[in-house]
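FYI, the numbering for the sequence shown is 209 to 420, going by my numbering.
Since the structure comes first, as structure tokens, the remarks are kept for the end.
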Amino acid sequence: MMAFVAGKTAFAALRAFTPVADQLGPNQLPYGMPVHPNLVHFTIGLFVIAIVFDIAGALFPLEKRLFRFLALPVTRAGFHDVGWYNLLACAAVSFLTVAAGFYEMLLAVPIPGGRSDFGLGSASTMLWHGVGGVVVLLLIVAMTVWRGLQRFRWRRDLGRQVQWSYLVAGLGLFVLIGVHGTLGAQLAGEFGVHVTADQLVAAGLNLREALP
Numbered sequence: 209m210m211a212f213v214a215g216k217t218a219f220a221a222l223r224a225f226t227p228v229a230d231q232l233g234p235n236q237l238p239y240g241m242p243v244h245p246n247l248v249h250f251t252i253g254l255f256v257i258a259i260v261f262d263i264a265g266a267l268f269p270l271e272k273r274l275f276r277f278l279a280l281p282v283t284r285a286g287f288h289d290v291g292w293y294n295l296l297a298c299a300a301v302s303f304l305t306v307a308a309g310f311y312e313m314l315l316a317v318p319i320p321g322g323r324s325d326f327g328l329g330s331a332s333t334m335l336w337h338g339v340g341g342v343v344v345l346l347l348i349v350a351m352t353v354w355r356g357l358q359r360f361r362w363r364r365d366l367g368r369q370v371q372w373s374y375l376v377a378g379l380g381l382f383v384l385i386g387v388h389g390t391l392g393a394q395l396a397g398e399f400g401v402h403v404t405a406d407q408l409v410a411a412g413l414n415l416r417e418a419l420p
């Protein structure tokens, strides 16, 4: 019960910082383009690069002949450096991604009715996407801590910096991020969240007249 009351209090406090209706554009935001979807691509891209390069580093002996043929001066440590620094950047950016997502979620006005491809309504989709965002953030931070321990303590003197279990976990997180990202895409594509054209049509306006 106390957790529920605390949650409502926090939500009300966040609402107090949101703009009033006359400060919002037709996309229900005080600015032209949503920030969260753009930051999401940084989170996904940096994480994918981190895991892919760590996989390349782990398999480096098998890749050695290919890279010699291409005359590229690569080392196993170089692959792992790219993996580590991209994951570190991913963890940092993901805090901004989630923060922007929650801010824009507070201003979201889904178009009523309809169901997503997952069979969920707009409220359920938004709820699962919000909860999923926090879960993904925590998992990325946990993966970063795990990766740091391997790099600086557990496998510091070994050629292969990462454990196979770490790479498997990274691939599993690929799948989770994909499902979570699909929920976000459904909010925009199927419920018109922060999509200017969809919001104008839902309001009964003519796009040719309403848009500059």
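Where is the CB? At the ideal position from N, CA and C, for every residue including glycine.
Item, Value
"CB-CB length for residue 247 against residue 304, believed under 8 angstroms", "6 angstroms"
"First and last residue of the uninterrupted alpha helix (DSSP H) at residue 318", "Premise fails: residue 318 is in no alpha helix (DSSP H) and is neither H nor E."
"Range covered by the alpha helix (DSSP H) that runs through residue 262", "244 to 266"
"Secondary structure of residue 373, DSSP reduced to three states", "helix"
"Local conformation of residue 365 per DSSP, three classes", "coil"
"Rounded separation between residue 239 and residue 317 - CA only", "15 angstroms"
"Integer-rounded CB distance, given that residue 306 should sit under 8 angstroms from residue 342", "7 angstroms"
"Classification of residue 373 by the beta-carbon crowding that lies within 10 angstroms, buried from 16 upward", "exposed"
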